[in-house]
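Heads up: the sequence shown at position 82 corresponds to 298 in the working numbering, and the numbers run straight through without jumps.
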Amino acid sequence: MAGINLKKNILMGGSFRAIIMIFSFFCSLITARYLGVELKGEYSYLVTVGGFLWMILDLGVYRSYPYLIRKYPDKIYNLFKWATLTFILEAIILSVLGISLLKVWSKILDYNFKPEYMLLFIGYITLSKYFMQMQSIYLGMNKILIQSLGDILNSGLCLLFFLLAFIFIKNGDRLSVIFIATLMAVAIAIIYFLINSKPRTLPKGLNFKFITSAYSYGIRVFLSSIIIMLLIRVDIVLIKRMLGFREVGIYSIAAHIVDMLQVASNLVGGYLFVKLSDTEDDFTKWQLMKKIMMLFGTFLTVAN
């Protein structure tokens with residue numbers, strides 16, 4: 217497998233990420249105008265809770281994909297198959313549990329779900345998890361261009377669909393419209409990833425020992441990831457509990473700047489992790505980490 221050019225990856229990924237941030241900013245503005253403050257709060261709340269839930273379902277395994285692919289490049293398509301299989305099974309099982317226990321979930325998640333809202337919510341959870349796993353696979357394969365194009369395709373289509381809804385769909389259930397647009401965008405991005413996988417030969421079965429090792433690595437970062445997510449996003453849940461969806465809608469627009477800083481740190485951290493997986497010498501690893509820490513420390517100081 218080809219070596220990793222960290223500077224090139226950060227420059228390429230960072231350039232695409234800047235465009236994605238602009239898309240995301242306008243997506244936030246359009247959804248706020250289209251939904252209104254109350255429905256915008258509901259949308260932000262469901263997306264936040266959905267983010268927690270897919271991370272719990274994943275158990276950090278998507279974080280282990282880049283490392284495993286660098287160490288075991290011959291087993292890449294085991295990860296493709298496992299990601300696809302779990303997506304299908306989770307979509308079916310969660311849909312059955314969600315509809316059959318609708319009132320229970322409404323009480324647990326403190327939201328009055330309709331059946332169609334529950335299905336859209338489950339679609340968001342399962343597709344988001346699948347999308348992140350696909351991104352991690354391409355990150356491990358060092359195909360940063362494909363990974364970045366898939367990401368920008370998702371954000372760009374969201375912006376396009378939101379804009380079309382804002383212009384043409386004036387009546388009906390606006391929250392459902394925005395959720396459907398979100399799911400369509402991420403589904404198309406996933407299809408793009410699958411088309412570009414181009415497997416020479418797919419494994420006939422699954423190497424469950426290898427899959428288990430992915431979870432053993434993933435669980436090590438799962439707790440830290442969920443804690444960071446809680447620190448950054450639990451405010452949405454708390455505001456909803458204490459005040460209501462209207463205040464969540466107002467707050468979520470202001471919180472967009474914080475999200476941009478988080479995305480930037482995740483981008484650099486992801487590329488650094490793959491590079492470290494490819495480096496055997498401990499001294500070289502330390503020098504690399506020191507340079508990145510100094511660079512990113514300067515960036516955060518200027519941003520603040």
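We put the beta carbon where it would ideally sit given N, CA and C, even for glycine.
- For residue 358, the secondary structure class from DSSP, reduced to helix, strand or coil, is coil.
- Secondary structure of residue 413 (DSSP, three-state): coil.
- Inter-residue distance for residue 394 and residue 378 is about 7 Å (C-alpha atoms, whole angstroms).
- Here residue 347 really is in contact with residue 406; their C-beta atoms are around 6 Å apart, less than 8 Å.
- The three-state reading of DSSP puts residue 329 in coil, since its state is none of H, G, I, E or B.
- In the structure shown, the three-state DSSP call for residue 340 is helix.
- Excluding sequence positions up to five before and after residue 298, its CB lies within less than 7 Å of the CB of 422 and 427, all in the same chain and listed in chain order.
- With distances taken between CA atoms, residue 319 lies nearest to 334 out of 308, 306, 334 and 365.
- DSSP, reduced to helix, strand and coil, places residue 278 within a helical segment of the structure shown.
- Residue 282 is classed as buried because its beta carbon has at least 16 other beta carbons within 10 Å across all chains shown.
- When 250, 247 and 288 are compared, the shortest CA-CA separation from residue 425 is found for 288.
- Of the other Cβ atoms in all chains shown, 16 or more fall within 10 Å of the Cβ of residue 258; this residue is therefore buried.
- Annotated three-state conformation of residue 422 is coil, per DSSP.
- Between residue 270 and residue 383 a beta carbon distance of about 31 Å is seen, past the 8 Å cut, so the two are scored as non-contacting.
- Less than 8 Å divides the Cβ of residue 430 from the Cβ of residue 280.
- Per DSSP, reduced to three states, the secondary structure at residue 367 is helical.
- A residue is called buried once 16 or more other Cβ atoms fall within 10 Å of its Cβ, and residue 290, having fewer, is exposed.
- In this structure, residue 354 sits near residue 409, with a CB-CB distance shorter than 8 Å.
- With 16 or more neighbouring CB atoms inside 10 Å of its own CB, residue 336 falls in the buried class.
- Taking the Cα positions, residue 329 is about 6 Å away from residue 322.
- When C-alpha distances from residue 306 are compared across 295, 286, 316 and 274, the shortest belongs to 274.
- In chain order, 405, 408 and 409 place their CB closer than 6 Å to the CB of residue 366, counting only its own chain and leaving out the 5 sequence neighbours on each side.
- In this structure, the beta-carbon distance from residue 276 to residue 437 falls below 8 Å.
- Residue 235 is not a Cβ neighbour of residue 360, given a cutoff of 8 Å.
- Going by C-alpha positions, residue 227 is about 19 Å away from residue 371.
- Cβ contact annotation for residue 402 (same chain, cutoff 6 Å, sequence separation greater than five): 343, 347 and 370, in chain order.
- Setting aside the 5 residues that flank it on each side, residue 363 is surrounded in the same chain by 351, 354 and 355, each with a C-beta closer than 7 Å to its C-beta; the list follows chain order.
- An exposed status is given to residue 411, since fewer than 16 other beta-carbon atoms sit within 10 Å of its beta-carbon.
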